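Just so you know, we're using my numbering here: the sequence shown kicks off at 1 and counts up by one. In this text, a Cβ means the ideal position worked out from N, Cα and C, and glycines have one as well. Computed from a predicted model, the values in this text were never measured in an experiment.
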Amino acid sequence: MGSIPHLFHSFFDPGKETSMKAYRRLGAIAVSLAILLTACQEGSSTENSSSSISNKESEMTSVENTSKETEATKESDKEEVEETKNPYEMIIPEAKIWSTEDLSDENFNLKGVEKVETIGLITGDGSPNMTRTRFRVGGTDLGIPVIHNDKLYLWFGDTFWGDSQGHPMAGGLWRSNVLAISDDKDFSDGLEISDMIGNKSGSTKVAMELLSSKKRPGNENTVIPTGSVSIDGKLYVYFMSVKEWGKPGHWTINYGGLAVSEDDGESFKKLDNVSLDPDKFGQVAAIIKDDYVYGVGIGGGRYGNAYLMRVKQDQIENTEAYEYLSGKNNGEPEFSANVENAIPIIEDTVGEPSIMWNEYLQEYVITYLQEPAHGIIMRSAKELWGDYSSDLLIAHSDDFTALYGGFVHEVMTEEDGKVFYYIMSMWDPVYNSILMKVTLK
Numbered sequence: 001m002g003s004i005p006h007l008f009h010s011f012f013d014p015g016k017e018t019s020m021k022a023y024r025r026l027g028a029i030a031v032s033l034a035i036l037l038t039a040c041q042e043g044s045s046t047e048n049s050s051s052s053i054s055n056k057e058s059e060m061t062s063v064e065n066t067s068k069e070t071e072a073t074k075e076s077d078k079e080e081v082e083e084t085k086n087p088y089e090m091i092i093p094e095a096k097i098w099s100t101e102d103l104s105d106e107n108f109n110l111k112g113v114e115k116v117e118t119i120g121l122i123t124g125d126g127s128p129n130m131t132r133t134r135f136r137v138g139g140t141d142l143g144i145p146v147i148h149n150d151k152l153y154l155w156f157g158d159t160f161w162g163d164s165q166g167h168p169m170a171g172g173l174w175r176s177n178v179l180a181i182s183d184d185k186d187f188s189d190g191l192e193i194s195d196m197i198g199n200k201s202g203s204t205k206v207a208m209e210l211l212s213s214k215k216r217p218g219n220e221n222t223v224i225p226t227g228s229v230s231i232d233g234k235l236y237v238y239f240m241s242v243k244e245w246g247k248p249g250h251w252t253i254n255y256g257g258l259a260v261s262e263d264d265g266e267s268f269k270k271l272d273n274v275s276l277d278p279d280k281f282g283q284v285a286a287i288i289k290d291d292y293v294y295g296v297g298i299g300g301g302r303y304g305n306a307y308l309m310r311v312k313q314d315q316i317e318n319t320e321a322y323e324y325l326s327g328k329n330n331g332e333p334e335f336s337a338n339v340e341n342a343i344p345i346i347e348d349t350v351g352e353p354s355i356m357w358n359e360y361l362q363e364y365v366i367t368y369l370q371e372p373a374h375g376i377i378m379r380s381a382k383e384l385w386g387d388y389s390s391d392l393l394i395a396h397s398d399d400f401t402a403l404y405g406g407f408v409h410e411v412m413t414e415e416d417g418k419v420f421y422y423i424m425s426m427w428d429p430v431y432n433s434i435l436m437k438v439t440l441k
């Protein structure tokens, strides 16, 4: 029989077991060891006692031993609960419904929200994924989902080592972006991160920056992913080159860019020939429809309108092939090669947009931060170019301080889309990403 440390390492490898299952297994081991040690101690005691012990005394000893084992089990169970308790649960509140009135527009199938729920943290050591311990990802945001090779990839933004509650820059080990991989198919109990792209050797895996940035305010402060698609085995990511951060909700962008990976996300090449207009497509949320990649675009910050572009999938690396929605004729879209002709699809203060097809509604669902309303809202449309429905509020800063984001994907749904999950970020009191759940009426 191996030593206890050896058993611990064999049964619990943080690099392999990422969910609460690992902690439950530890609890079970603790219970077994407690019972085994108790039995050994009492066996020794029995050998040293007089052989003339009475049957009645033996029965009493047996009852006493059973009681001790029961108490040991109870204590171990109690310790297991304490060990698995989320240290952030007091600051990750329950969600509630803010849009209590149904939408009445008969042109849309989106009518209302039945329930909004908080599932839990995805990142940080306050989450079951223990990303600070496993990948040196203590504080991060975003969590933009994309399916590649039947796996769920998640793009995170500015990332730091420390837990950095409300003060991410204090965390150290700054990376402008990192990429996680998940094999999870059931999101009702959380989103399990299987791995992060990082170093292949060393005692601890460190999630690495995949899209380099100069980290020089006024030139290029950081490079943040905004949307991602997978085409013919290649993984593409749209990103914004941030020149500098301004007041809350405002920042300037050098350009919107595109990078590609041909090795399943292990490395990325920025495509110098793809440079998108920073005022309308500095941030692009991408979705595939038919032969095209469509992009919902906004400029820097969170106070501008949303626009629509498209490009043939096999021309995604060619800026000259991009087209921009310039009008509608009897409901049919018209596209122009000139970005200056682009018209808004949503006239609002749009921040961090994300879009998916919802089978339940038979409509596209877009989510985004509406900063003046201090919340994340959702709208729907029959077509990507609109018209879009009125909005429903699905999270508010009164519940979640300094919230933003709200990223969706078709695979993160249940009941054909009646239930969908989205990934929301908080800046304070904990700089991390949270999984949320919405049930539609």
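| Through-space distance from K200 to L440, alpha-carbon basis | Looking up residue 440 in the sequence shown gives position 440. Looking up residue 200 in the sequence shown gives position 200. Taking the straight line from one Cα to the other gives about 43 Å.
| request: Using beta-carbon positions only, say whether S390 and H374 come within less than 7 Å of one another. | output: One-based indexing of the sequence shown puts residue 390 at position 390. One-based indexing of the sequence shown puts residue 374 at position 374. Contact flag unset, no.
| message | Can you look up P128 in the DSSP assignment and give me helix, strand or coil? | response | Here residue 128 refers to the residue found at position 128 of the sequence shown. It is coil, neither helix nor strand.
| query | Is the CB of N305 under 7 Å away from at least one CB in chain C? | reply | Annotation note: the requested chain C is absent from the structure, which comprises a single protein chain.
| query | For F156, which beta-bridge partners are listed by DSSP? | reply | One-based indexing of the sequence shown puts residue 156 at position 156. Paired residues: L142 and V178.
| query | Between which two residues does the beta strand (DSSP E) containing T439 stretch? | reply | Position 439 of the sequence shown, counted from the start, is the residue given in the question as residue 439. N432 to L440 is the span of the beta strand (DSSP E), which, as asked, contains T439.
| request: Tell me the start and end of each unbroken beta strand (DSSP E) in the segment 225-312 that is at least 3 residues and wholly inside, in chain order. | output: 234-245, 251-261, 269-276, 283-289, 292-298 and 304-312
| E209: buried (16+ other C-beta within 10 angstroms of its C-beta) or exposed? | Your numbering for residue 209 matches position 209 in the sequence shown. Per the 10 Å Cβ criterion, buried.
| message | What does the alpha-carbon distance come out to for the pair V419 and G218? | response | Taking the sequence shown and counting its residues from 1, one reaches residue 419 at position 419. Taking the sequence shown and counting its residues from 1, one reaches residue 218 at position 218. About 43 Å.
| Candidates G249, H250 and V237, of which the one nearest V260 by Cα | Translated into positions along the sequence shown, residue 260 becomes position 260. Of the candidates G249, H250 and V237, the one whose C-alpha sits nearest the C-alpha of V260 is V237.
| field | Distance between M130 and A180 (C-alpha atoms, nearest Å) | value | On the sequence shown, position 180 is the one that residue 180 refers to. On the sequence shown, position 130 is the one that residue 130 refers to. Distance between the alpha carbons of A180 and M130 is about 13 Å.
| message | Quick check: what's the CA-CA separation for N107 versus K382? | response | On the sequence shown, position 107 is the one that residue 107 refers to. On the sequence shown, position 382 is the one that residue 382 refers to. If I take the Cα positions, the gap works out to 9 Å.
| query | Nearest to F407 by CA position, among M436, D399 and E414, is which residue? | reply | Within the sequence shown, residue 407 is the residue found at index 407, counting from 1. Out of M436, D399 and E414, M436 has the C-alpha closest to the C-alpha of F407.
| Which listed residue (T159, V339, E266 and W251) has its alpha carbon closest to that of A321 | Counted from its first residue, the sequence shown places residue 321 at position 321. When each option's Cα is compared against that of A321, the closest is V339.
| Contact under 7 Å by Cβ, L103 with L361 | Working through the sequence shown from its first residue, we reach residue 103 at position 103. Working through the sequence shown from its first residue, we reach residue 361 at position 361. Result no, Cβ atoms of L103 and L361 do not sit closer than 7 Å.
| task | State the DSSP-derived secondary structure class of F400, mapped to helix, strand or coil. | result | Locating residue 400 in the sequence shown gives position 400, counting from the first residue. DSSP places F400 in coil when its eight states are reduced to three.
| task | Using alpha carbons as the reference points, say which of F335, F268 and G233 lies closest to I147. | result | By 1-based counting over the sequence shown, the position of residue 147 is 147. The option with the nearest alpha carbon to I147 is G233.
| said: For Q370 and G202, I'd like the C-alpha separation in whole angstroms. | reply: On the sequence shown, residue 370 is found 370 positions in, with the first residue counted as 1. On the sequence shown, residue 202 is found 202 positions in, with the first residue counted as 1. Distance between the alpha carbons of Q370 and G202 is about 43 Å.
| Would you call S267 buried or exposed, if buried means 16 or more other Cβ atoms sit within 10 Å of its Cβ? | Position 267 of the sequence shown, counting from 1, holds the residue named residue 267. By the 10 Å Cβ count, S267 comes out exposed.
| task | Measuring alpha carbon to alpha carbon, tell me which of M426, N341, N329 and E410 ends up nearest I376. | result | As a position in the sequence shown, residue 376 is number 376, starting the count at 1. Of the candidates M426, N341, N329 and E410, the one whose C-alpha sits nearest the C-alpha of I376 is M426.
| field | C-beta contact flag for S241 and V223 at 7 Å | value | As a position in the sequence shown, residue 241 is number 241, starting the count at 1. As a position in the sequence shown, residue 223 is number 223, starting the count at 1. Less than 7 Å separates the beta-carbon of S241 from that of V223.
| Once you ignore the five residues that flank P278 on each side, which residues in its own chain have a CB closer than 7 Å to its CB? | Within the sequence shown, residue 278 is the residue found at index 278, counting from 1. By the criterion of a C-beta distance shorter than 7 Å, P278 is surrounded in its chain by I253, N254, Y255, G256, G299 and G300, once the five residues flanking it on both sides are discounted.
| request: Taking only the alpha-carbon atoms, compute the straight-line gap between G386 and G120 and give it to the nearest angstrom. | output: Position 386 of the sequence shown, counted from the start, is the residue given in the question as residue 386. Position 120 of the sequence shown, counted from the start, is the residue given in the question as residue 120. About 33 Å.
| said: Assuming contact is defined by CB atoms lying nearer than 7 Å, are M412 and F156 in contact in what I supplied? | reply: Residue mapping note: residue 412 aligns to position 412 of the sequence shown, counting from 1. Residue mapping note: residue 156 aligns to position 156 of the sequence shown, counting from 1. Not closer than 7 Å, so no.
| Distance, M356 Cα to D272 Cα | Translated into positions along the sequence shown, residue 272 becomes position 272. Translated into positions along the sequence shown, residue 356 becomes position 356. Answer to the nearest angstrom: the Cα atoms are 28 Å apart.
| Selection from L258, N221, T159 and E262 that minimises the alpha carbon distance to W245 | Residue mapping note: residue 245 aligns to position 245 of the sequence shown, counting from 1. Checking every option, the nearest Cα to that of W245 belongs to N221.
| field | DSSP three-state assignment for R136, whether helix, strand or coil | value | Counting from 1 along the sequence shown, the entry for residue 136 is found at position 136. Reduced to three states, the DSSP call for R136 is coil.
| Contacting residues, own chain, Cβ-Cβ under 7 Å from K280 (five flanking each side not counted) | Within the sequence shown, numbered from 1, the residue matching residue 280 stands at position 280. Once the five neighbours on either side are set aside, the close Cβ partners of K280 are G297, G299, Y307, V339 and A342.
| message | DSSP three-state label for Q315, please. | response | If you number the sequence shown from 1, residue 315 lands on position 315. Helix.
| Taking buried to mean at least 16 other C-beta atoms within 10 Å of its own C-beta, is N358 buried or exposed? | As a position in the sequence shown, residue 358 is number 358, starting the count at 1. Its Cβ being crowded by 16 or more others within 10 Å, N358 is buried.
| query | Across which residues does DSSP place M357 in a beta bridge pair? | reply | Numbered from its first residue, the sequence shown carries residue 357 at position 357. The amino acid at residue 357 is misidentified as Met; the sequence shows Trp. Its beta-bridge partners are Y364.
| said: Quick check: the Cα distance between K185 and W174, rounded to an integer number of angstroms? | reply: For this step, residue 185 is matched to residue 185 along the sequence shown. For this step, residue 174 is matched to residue 174 along the sequence shown. Cα-Cα distance, rounded: 30 Å.
| field | Rounded C-alpha distance that separates I144 from G227 | value | Mapped onto the sequence shown, residue 144 falls at position 144. Mapped onto the sequence shown, residue 227 falls at position 227. Roughly 7 Å separates the two Cα atoms.
| query | So I394 packs on V116, CB below 8 Å; how close in whole Å? | reply | The residue given as residue 394 occupies position 394 in the sequence shown. The residue given as residue 116 occupies position 116 in the sequence shown. Going by Cβ atoms, the distance from I394 to V116 rounds to 6 Å, so yes, they are a contact pair.
| What do you get for P225, buried or exposed, if any count of 16 or more other CB atoms within 10 angstroms of its CB means buried? | By one-based count along the sequence shown, residue 225 stands at place 225. The residue in question, P225, is buried, as its Cβ has 16 or more Cβ neighbours within 10 Å.
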